[in-house]
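Structure record follows, encoded as structure tokens.
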Amino acid sequence: MTNRVFRAKAVTSTSVTLEGMDTSEVNLFPTGLGAGTLRKITTWVPIQQVLTAEISGGDPKYVSVSLLDNENDINLPDGYNAQSLAMTIADDPSLPHHSALKKTADSRKIAAVRADLPSGSKILYSGYVSFDETPTMTKGQVMAVRAGCAMQGRPVRYAS
Numbered sequence: 001m002t003n004r005v006f007r008a009k010a011v012t013s014t015s016v017t018l019e020g021m022d023t024s025e026v027n028l029f030p031t032g033l034g035a036g037t038l039r040k041i042t043t044w045v046p047i048q049q050v051l052t053a054e055i056s057g058g059d060p061k062y063v064s065v066s067l068l069d070n071e072n073d074i075n076l077p078d079g080y081n082a083q084s085l086a087m088t089i090a091d092d093p094s095l096p097h098h099s100a101l102k103k104t105a106d107s108r109k110i111a112a113v114r115a116d117l118p119s120g121s122k123i124l125y126s127g128y129v130s131f132d133e134t135p136t137m138t139k140g141q142v143m144a145v146r147a148g149c150a151m152q153g154r155p156v157r158y159a160s
């Protein structure tokens, strides 16, 4: 759950149920032994005019183990490789996302990023945002700036 973004499904004065987060496995989440912190997201600034959005990394990692009593090595899961989101955005410094990306990148703090897909699906990311406001200038192409998110937790996807 560390550094992940979830929607609140139910909120009371003493608890929050996170949509899509199953904490019923008592070996992972022992009753009464976990306290976490949450940050409420009150405002999203849409990133408009995205030209490309590409994900890299995130593939599973394995550690190879050679047991003395087995002639075949085995692979055991060992988490996931680091994941990043890279975007090119049509250059328009008058749009609200320009200053929001600059401010978020300058803060050097983990931030939430949301992708709203045409199907209505939403993907939530958590990571360090970077922003290069110097546009590319290629003849015959729209000027574009680059933004990225170095993810610090696994993305969360909702169907709507």
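Mapping of the sequence shown onto full-length UniProt numbering: position 69 corresponds to residue 69, and the numbering continues sequentially without gaps. Glycine included, each C-beta is placed from N, C-alpha and C at the ideal position. Values in this document were obtained by computation on a predicted structure and should not be read as measured data.
By how many angstroms is the C-alpha of residue j removed from the C-alpha of residue i?
i	j	result
Asn27	Val11	25 Å
Asp73	Leu67	7 Å
Ala150	Asp78	20 Å
Arg114	Val156	10 Å
Ser24	Met1	13 Å
Gly36	Arg154	17 Å
Lys102	Phe6	24 Å
Pro30	Ala8	21 Å
Ser84	Thr52	14 Å
Ala100	Asp91	14 Å
Pro93	Leu33	47 Å
Measure the beta-carbon distance from residue i to residue j and round it to whole angstroms, keeping in mind my assumption that it falls under 8 Å.
i	j	result
Ser119	Asn3	No, Ser119 and Asn3 are not in contact; Cβ-Cβ is about 26 Å, not under 8 Å.
Asn81	Asp59	5 Å
Ile89	Ile47	6 Å
Ser130	Ala147	7 Å
Locate the beta strand (DSSP E) running through residue i, then write down its first and last residues.
i	result
Pro155	Segment: none, Pro155 is in no beta strand (DSSP E) and carries neither H nor E.
Ser130	122–136
residue 192	Residue 192 lies beyond the range of the chain shown here (1 to 160); nothing can be said about it.
Could you give the first and the last residue of the continuous alpha helix (DSSP H) run that contains residue i?
i	result
Thr104	96–107
Cβ contact check for the stretch 13–24 and the stretch 134–144: 3 or more pairs under 8 Å | Because the criterion of three Cβ pairs below 8 Å is not met, the stretch 13–24 and the stretch 134–144 do not touch.
Beta strand (DSSP E) runs contained entirely in the stretch 6–88, provided each spans 3 or more residues = 8–11, 16–18, 50–57, 60–65, 74–80
Decide yes or no for the touch test of the stretch 91–110 against the stretch 53–66: beta carbon pairs closer than 8 Å, at least 3 of them.
-> no
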